[in-house]
Structure formats: structure tokens, C-alpha cells
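Per this note's numbering, residue 37 is the first one in the sequence shown, and the count goes up by one each step.
Cβ coordinates follow ideal geometry from the N, Cα and C atoms, glycine included.
Since the structure is predicted, the reported quantities are computational estimates derived from the model, not experimental observations.
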Amino acid sequence: MKTKIEGLVLSKVPFKERHLICHLLLRSGRKVSVLFYGGQGGGKKKKSSTIELGYMLSIEVARSRSTFEMLQAKEWTPIWAHEKIRENHKAFYLLCLYLEIIIKIAQDENLHDDNLQSSSEEEGLFMVLSNAIFHMEKRLNLGEFDSWSDFLIFLGKLSIELGVFPMRESCIFCDEDLEKLQEIYLMSDHGGFACNTCTNQMEKDPGQLSISGRDLWELLGVIANHKYKDLEKFRIDQAPIIHNFFEYFCYQFHWQKSMFKSLALVL
Numbered sequence: 037m038k039t040k041i042e043g044l045v046l047s048k049v050p051f052k053e054r055h056l057i058c059h060l061l062l063r064s065g066r067k068v069s070v071l072f073y074g075g076q077g078g079g080k081k082k083k084s085s086t087i088e089l090g091y092m093l094s095i096e097v098a099r100s101r102s103t104f105e106m107l108q109a110k111e112w113t114p115i116w117a118h119e120k121i122r123e124n125h126k127a128f129y130l131l132c133l134y135l136e137i138i139i140k141i142a143q144d145e146n147l148h149d150d151n152l153q154s155s156s157e158e159e160g161l162f163m164v165l166s167n168a169i170f171h172m173e174k175r176l177n178l179g180e181f182d183s184w185s186d187f188l189i190f191l192g193k194l195s196i197e198l199g200v201f202p203m204r205e206s207c208i209f210c211d212e213d214l215e216k217l218q219e220i221y222l223m224s225d226h227g228g229f230a231c232n233t234c235t236n237q238m239e240k241d242p243g244q245l246s247i248s249g250r251d252l253w254e255l256l257g258v259i260a261n262h263k264y265k266d267l268e269k270f271r272i273d274q275a276p277i278i279h280n281f282f283e284y285f286c287y288q289f290h291w292q293k294s295m296f297k298s299l300a301l302v303l
């Protein structure tokens with residue numbers, strides 16, 4: 037059994053007076069549940085908790101004979117902790133939304149299986165989330181934070197890793213080059229953009245046609261072709277763009293936007 041792990045805190049639930057049960061996303065891109073005795077802090081020495089949402093922890097877990105027993109943390113140390121996110125309510129709400137999404141996607145890790153191999157796609161989940169949190173913290177420090185922009189970047193990067201990024205080179209129906217067209221639409225059920233001519237020949241479903249198709253097409257191009265470090269000045273000012281792309285994202289996984297408690301606090 038693997039006993040030393042590192043992971044990002046996805047959720048934490050109080051257990052009894054001083055303990056915590058947390059989900060963590062490991063570097064493998066899979067998640068585990070860990071019981072932290074005394075994780076809430078307090079006690080006679082009035083210790084403060086070192087476990088917060090979005091923190092990166094190094095943990096030594098206790099060995100257990102059964103694969104069904106919850107992992108128990110023997111020791112833990114923060115490797116990286118954000119500061120500005122906790123002080124900005126909009127940033128903290130966005131962090132919570134990131135974590136909600138990742139929890140739904142990440143598969144459970146079995147630390148008892150020494151031969152278990154994670155795919156590169158799963159490892160990408162960790163990279164996207166860790167980069168998104170670090171990016172948000174950095175933008176807050178620079179005074180450049182914008183929740184809509186950060187959310188779109190996160191969704192774009194995550195879509196690439198999961199293989200659901202929309203096709204944007206040409207019309208998904210007629211192969212017309214979209215670069216020169218102004219009226220284009222994002223078709224959720226076809227996984228890409230379509231030209232105005234093709235969509236006019238269809239029965240339009242307002243829930244699947246993007247209101248700001250051209251703008252979204254251009255923004256996704258910027259996100260796909262630039263690393264996080266090059267997107268510090270990235271800005272959007274149209275809420276419908278975010279709504280439409282998140283609807284597209286949810287459609288790919290048969291989700292409803294109402295499933296995400298933090299969404300109403302972000303958009």
C-alpha cells in the first residue's frame with residue numbers, strides 16, 4: 037500500500053468535534069477520501085487548522101488491512117497554500133465551483149493496488165486544477181483577477197484535457213473555413229461550431245446555439261494556444277459567453293447546471 041501521497045483538498049466535512057473528512061485530488065488525477073484526526077484544529081493548545089479548500093498537502097496515511105477502510109492521515113504538511121483567494125469572496129466562490137466540477141469528474145484511487153496505472157488524461161486533471169488555482173492567486177496579487185475570465189480559461193483547459201474541446205477549424209457540417217465567417221454557432225450536440233448557412237437549414241434550438249458564437253470561437257482559440265502564464269491579462273465582459281460554454285460543457289457529460297451549488301455565486 038502506498039502511504040505517502042500529495043494532493044489538493046477538494047472538500048472537507050467536519051467529523052465529531054475536531055476531525056475532518058476530506059476528498060483530495062492526487063497528482064495521478066484520481067481522488068481519495070482521508071480522515072484527519074484533529075484536522076479542525078483547536079484543542080488545549082488552540083492549534084489552527086492547516087487544511088483548507090485548494091491547499092496542496094503532503095500526507096502520510098496509516099496502513100490498513102482492508103481496502104474498504106477510509107484512509108487515516110498520520111501526519112500532514114501544507115506544500116502550497118493560497119492567501120488572496122481566501123480574502124476575496126468572488127475568488128473563493130469560483131474556487132468552490134472548480135472543486136465541485138473536479139469531484140464529479142475524478143475517479144477514485146485505490147492506494148492498496150500497487151500496480152494501478154493512471155492515464156495521462158487523469159494526470160491532466162491535476163495539472164488543470166493546480167494551474168487554475170495558482171493562476172487565480174497570481175491574478176489576485178497583480179490586481180488582474182476577473183471571475184468570468186478565469187472560469188472560461190478553466191473550462192477551456194479542462195475541455196482540452198477531457199477531449200471535449202469543440203471543433204473550431206471548420207464548420208462541422210460543410211467544412212467551411214470559420215476563420216472568415218462572422219455568424220457562427222456552437223452546437224452542443226455535435227461538438228463544434230457551425231456556419232450560419234448550415235444552421236439556417238436546421239430547426240434552431242436556442243439551448244444549443246451560442247448567442248455570441250464568433251466571440252466565443254475567438255476566445256477559445258486564445259485559451260487553446262496559450263499557456264496559463266500567458267493569460268494574465270485575459271479579459272471577457274459578456275456573461276452569455278460563459279453561460280453558453282458551460283452549457284456546452286455540461287451537455288457533454290449529461291449534467292444540469294442546477295447540479296452545481298456554487299454556480300449561482302459566480303455567474
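| query | result |
| --- | --- |
| Comparing alpha-carbon positions, which option in Glu-158, Tyr-264, Leu-252, Glu-159 lies nearest Pro-276? | Leu-252 |
| Checking the sheet assignment: what are the DSSP bridge partners for Leu-61? | Leu-44, Lys-67 |
| Once DSSP output is grouped into helix, strand and coil, what is the label at Ala-109? | strand |
| If you reduce the DSSP assignment to three classes, tell me which class Met-172 lands in. | helix |
| Hey, quick one: how far does the beta strand (DSSP E) through Tyr-221 stretch, first residue to last? | 220-223 |
| Compute the Euclidean distance between the alpha carbons of Val-258 and Phe-72, then round it to the nearest angstrom. | 41 Å |
| Are three or more beta carbon pairs between the segment 86-101 and the segment 57-74 nearer than 8 Å? | yes |
| Quick check: the segment 163-179 against the segment 210-223, are at least 3 beta-carbon pairs closer than 8 Å? | no |
| Among Gly-179, Leu-178, Phe-201, which one has its Cα closest to the Cα of Leu-188? | Phe-201 |
| Write down the C-beta distance between Leu-46 and Ile-139 rounded to the nearest angstrom, noting that I regard them as a contact closer than 8 Å. | 5 Å |
| For Cys-132, which residues from the same chain have a beta carbon less than 6 Å from its beta carbon, with the 5 sequence-adjacent residues on both sides left out? | Ser-298 |
| Taking a contact to mean a Cβ-Cβ separation below 8 Å, would you say His-55 touches Gly-77 in this structure? | no |
| Work out the CA separation of Leu-178 and Tyr-129 for me, nearest whole Å. | 19 Å |
| Alpha carbon to alpha carbon, how far is Asn-232 from Leu-217? Give it in angstroms, no decimals. | 9 Å |
| Cα-Cα, which of Leu-191, Tyr-284, His-148 is closest to Leu-165? | Leu-191 |
| Using the three-state DSSP reduction, which class does Gly-243 fall into: helix, strand or coil? | Confidence is the limiting factor: at Gly-243 the pLDDT is only 46, short of 50, which leaves the residue's position unreliable, though a coordinate-based value still follows. Coil, per DSSP. |
| If I'm right that Phe-285 touches Ser-195 with Cβ under 8 Å, what's the distance once you round it to whole angstroms? | 6 Å |
| Using the rule of at least 16 other Cβ atoms within 10 Å of the residue's Cβ for burial, across every protein chain shown, is Ser-246 buried or exposed? | For Ser-246, the predicted model reports a pLDDT of 44, less than 50, meaning its position is unreliable and no value from the coordinates is stated. |
| Ser-224 and Tyr-287 look like a contact to me (Cβ under 8 Å); what is the Cβ gap, rounded to whole Å? | 4 Å |
| Beta carbon of Phe-201: closer than 7 Å to some heavy atom of the ligand GTP? | Ligands are entirely absent from the displayed structure, and the ligand GTP is therefore not among its contents. |
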